[in-house]
């Protein structure tokens with residue numbers, strides 16, 4: 159239910175933003191408030207299950223809202239897909255939620271935190287993972303994912319930034335006694351900001 163609401167809100171906000179570049183050109187304050195960006199990168203994940211590790215690709219979209227006292231909120235959606243699932247389990251997910259960033263000590267450097275929720279699939283490698291009673295093997299499971307995280311971003315040009323972040327993901331799974339596990343995906347990548355402001359006003 160929460161994921162559907164976040165996805166609907168993100169799609170609605172992106173539609174409004176895409177429909178309004180002309181009005182943003184006529185209004186400098188609107189232009190400064192508008193920011194849409196896409197990001198992607200390589201993700202190394204400690205899956206939290208029996209020492210499992212993944213290498214994957216992460217991609218996402220952000221819609222920047224108006225800044226408040228140098229803090230800027232964003233609606234974010236991201237997905238991660240494993241390209242090397244390792245030997246224990248491979249995890250893929252689709253998440254959405256809120257990110258807030260803030261200027262850091264150096265020009266162009268910003269720190270951010272986020273809280274994302276969504277769904278994820280775990281594929282258990284090598285024929286499956288034993289159930290708690292050892293009577294059968296799980297080959298896959300699907301469940302909820304809660305993902306708080308932190309990161310740093312450094313602006314390289316007006317359009318491109320380098321980023322690095324780590325998420326702390328709580329997954330539901332039937333293969334552990336607690337019914338859950340904590341995964342730690344770490345992503346290094348780049349972000350591109352789309353410029354709808356033809357008059358050259360800064361977006362921040």
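Residue numbers (my numbering): 159 to 362.
Beta carbons: idealized from backbone N, C-alpha and C, even for Gly.
Ignore the nearest five residues each way along the sequence and tell me which others in residue i's own chain have a CB closer than 7 Å to its CB.
{"i": "residue 330", "result": "301, 302, 337 and 338"}
{"i": "residue 261", "result": "228 and 268"}
{"i": "residue 204", "result": "211, 341 and 342"}
{"i": "residue 242", "result": "212 and 213"}
List the endpoints of the continuous beta strand (DSSP E) containing residue i.
{"i": "residue 274", "result": "267-282"}
{"i": "residue 247", "result": "247-261"}
{"i": "residue 343", "result": "338-352"}
{"i": "residue 229", "result": "229-242"}
{"i": "residue 293", "result": "From DSSP, residue 293 is part of no beta strand (DSSP E); its letter is neither H nor E."}
{"i": "residue 204", "result": "193-204"}
{"i": "residue 216", "result": "211-222"}
Using the C-alpha atoms, what's the distance from residue j back to residue i?
{"i": "residue 322", "j": "residue 226", "result": "24 Å"}
{"i": "residue 284", "j": "residue 233", "result": "38 Å"}
{"i": "residue 263", "j": "residue 240", "result": "34 Å"}
{"i": "residue 188", "j": "residue 316", "result": "Because residue 188 carries a pLDDT of 44, less than 50, the predicted location of this residue cannot be relied on, and the following value inherits that uncertainty. Residue 188 and residue 316: Cα-Cα distance of roughly 18 Å."}
{"i": "residue 295", "j": "residue 286", "result": "5 Å"}
{"i": "residue 182", "j": "residue 352", "result": "With a pLDDT of 39 at residue 182, under the threshold of 50, the predicted position of this residue should be treated as unreliable, and no value is reported."}
{"i": "residue 186", "j": "residue 192", "result": "Low per-residue confidence applies at residue 186: pLDDT is 44, beneath 50, and the placement is therefore not dependable, though the value from the model is reported in the following sentence. The alpha-carbon atoms of residue 186 and residue 192 are separated by roughly 10 Å."}
{"i": "residue 292", "j": "residue 333", "result": "10 Å"}
{"i": "residue 236", "j": "residue 289", "result": "30 Å"}
{"i": "residue 219", "j": "residue 279", "result": "21 Å"}
Give every residue of the same chain whose Cβ lies closer than 6 Å to the Cβ of residue i, excluding the five residues on either side of it in the sequence, and list them in chain order.
{"i": "residue 349", "result": "195, 197, 319 and 321"}
{"i": "residue 310", "result": "269 and 322"}
{"i": "residue 199", "result": "216, 345, 346 and 347"}
{"i": "residue 259", "result": "230, 268 and 270"}
{"i": "residue 325", "result": "305, 307 and 343"}
{"i": "residue 248", "result": "212, 240 and 281"}
Per DSSP, residue i forms a beta bridge with which residues?
{"i": "residue 307", "result": "272 and 325"}
{"i": "residue 317", "result": "For residue 317, which the question treats as bridged, DSSP gives no partner whatsoever."}
{"i": "residue 299", "result": "280"}
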